[in-house]
Amino acid sequence: METSARLLRLLSLLQAKRDWSGAALAERLNVSERTVRRDVERLRDLGYPVNVTRGTDGGYRLGAGTAMPPLLLDDDEAVAVAVGLRTCARGGVAGIEETSVRALAKLEQVLPSRLRYRVNALQTYTEPVPADRPGPVVDPSVLTALAAACRDQERLRFDYRAHDGSTGVRTVEPYRLVSWGRRWYLVAWDVDRQDWRTFRVDRVEPRTPTGPRFPPRDPPEGGAAAYVAQGVSAAAWRYRSRVVVHAPAEVVTERINPAVGVVEALDGHTCVLHTGADGLNTIAVHLGMLDLDFEVTEPPELVEHMRELTARYARSTAAKDDPPTSP
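Per UniProt numbering, the very first residue in the sequence shown carries number 1; after that it's consecutive.
What follows is the structure, encoded as structure tokens:
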């Protein structure tokens, strides 16, 4: 590989990952570690602040400089950034609309025609449904701070305002940011409570500096998005129900969205669906869409509502079942 092309490739690798060992860079570039060291010095001469750490865990890291260095994006990354900027330009994060438009103009100016066509096609032939109510405003600096802590696996301390208005300091090991509708959530391991927790980002005020690095944990069951869907939905339910379904747990799991409920296996042929909703009709619809036999035992309001539905459906076909009367 020519030196100039190799330098661009090295810069792209340093931008894609926080820390690189010399051996890993040499393997990716198919050169010796000595060549890597020389290329790193060339990048420094060009103004890129590449930091070096010594020891067994040492390696190379692209640091922050006095100016924003050029970013190297492949085709899919360029399209993703353009689409993301257009989405941000429509709102959702405080004060980012105008900035997104300026950044998008710069990006589209240098996009190859084939990529500009893809971006414009996606923009032209998609139409968002307006939100039924405005969502909370999120500070972009908070989003980037939380994302960086997730990436670098650094502990966070922040002031948090709960739904009842009370405030407190939380110490967590951040895992993922989840966007749901017009809201952002942080999934993190709560150090004091020794369990996974979900936090509304618009209620978070990070404290600096961040804490020490922590080893990665196994994610919550189902992943961060499913964890948020289950927790947020359950917190908003007015009615909660325990339904015995006469089918294997894996069959029921395939037929419901994680936001609808949690499935618990009883045996190989029966499971329990813990579900709920803000209205009884919604629960009834979810259960009907299972297309499986089930038993509802609680809450009493749902049991009575299902009886009323049963009677209503029976009346809807009673006239057709009656024998014709003689003239």
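Here a beta-carbon is modelled for each residue, glycine too, at the ideal position from N, C-alpha and C.
None of the values given here were measured: they were computed from a predicted structure.
At which residues does the alpha helix (DSSP H) containing residue i begin and terminate?
i    : result
E298 : Taken as a continuous stretch (DSSP letters only), E298 belongs to no alpha helix (DSSP H), being part of the beta strand (DSSP E) at F294 to E298.
D45  : E33 to D45
D76  : D75 to C88
V142 : P140 to D152
E250 : A249 to R255
V260 : Looking at the DSSP string, V260 is not in any alpha helix (DSSP H), and its letter there is neither H nor E.
E27  : G22 to L29
Y117 : S113 to T124
Counting along the chain, where does the beta strand (DSSP E) carrying residue i start and finish?
i    : result
E173 : T167 to W180
S241 : Y239 to V245
L62  : G59 to L62
V272 : C271 to A277
N51  : V50 to T53
T198 : D195 to R200
One question on the structure: do residue i and residue j come within less than 8 Å of each other, judged by their Cβ atoms?
i    : j    : result
V142 : V204 : yes
L43  : L7   : yes
Y227 : W180 : no
R155 : T210 : yes
L309 : V245 : no
V201 : W189 : no
G22  : Y48  : no
L104 : R86  : yes
L280 : H305 : yes
R157 : V138 : no
E301 : V243 : no
With 16 other CB atoms within 10 Å as the buried threshold, where does residue i fall?
i    : result
R114 : exposed
H286 : buried
G261 : buried
D278 : exposed
D293 : exposed
A82  : buried
P216 : exposed
In the DSSP output, which residue or residues are listed as bridge partners for residue i?
i    : result
F158 : R170 and P206
R183 : W180
D190 : V172 and D195
R213 : E154
Using a Cβ cut-off of 8 Å (strictly closer), state whether residue i contacts chain C.
i    : result
S113 : Here there is only one protein chain, and chain C is not present.
Touch check for the region 245–265 and the region 305–313: three-plus C-beta pairs under 8 Å? In the pairwise beta carbon analysis, the region 245–265 is classified as not touching the region 305–313: fewer than three pairs are separated by under 8 Å.
Below 8 Å, how does it come out for the region 164–181 and the region 104–113: are there three or more Cβ pairs, yes or no? Counting C-beta pairs with one atom in each stretch, the region 164–181 and the region 104–113 have fewer than three that are closer than 8 Å, which means they do not touch.
Segment contact flag, the region 238–248 with the region 215–227, C-beta cutoff 8 Å, min 3 pairs: They do not touch, by the three-pair rule.
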